[in-house]
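Peer 1: Dropping the structure in here first, questions after.
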Amino acid sequence: YSPELNRIEMVWKQMKYYWRDFQVMTADKIEQWVERVSNQFGKEYMFTF
1 YSPELNRIEM
11 VWKQMKYYWR
21 DFQVMTADKI
31 EQWVERVSNQ
41 FGKEYMFTF
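Under full-length UniProt numbering, think of the first position of the sequence shown as 1, with each following residue one higher.
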């Protein structure tokens, strides 16, 4: 297991530490936010190596 090589782990790290607004979220808000990021990935949300 190599989280640094797993693409989804890299995306989750970006989401948790760089793209997320630090505020208290309900489960519904988290679900909406994850959906928004996944829909905008490559447009608004991206990362490079």
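Built from N, CA and C at the ideal position, the CB exists for glycine as well. Nothing here was measured: the structure is a model prediction, and the numbers come from that model.
(1) Take Q40 and list the residues in its own chain whose beta-carbon comes closer than 6 angstroms to its own, dropping the five residues that flank it on each side.
(2) When you compare only the Cα positions, how much space is there between T26 and Q32?
(3) Taking only the alpha-carbon atoms, compute the straight-line gap between R20 and L5 and give it to the nearest angstrom.
Peer 2: In short:
(1) Counting from 1 along the sequence shown, the entry for residue 40 is found at position 40. Take Q40, set aside five residues on each side of it, and no residue of its chain has a beta-carbon closer than 6 angstroms to its own.
(2) For this step, residue 26 is matched to residue 26 along the sequence shown. For this step, residue 32 is matched to residue 32 along the sequence shown. The alpha-carbon separation between T26 and Q32 amounts to approximately 10 angstroms.
(3) Sequence index remark: in the sequence shown, residue 20 carries index 20 (1-based). Sequence index remark: in the sequence shown, residue 5 carries index 5 (1-based). If I take the Cα positions, the gap works out to 22 angstroms.
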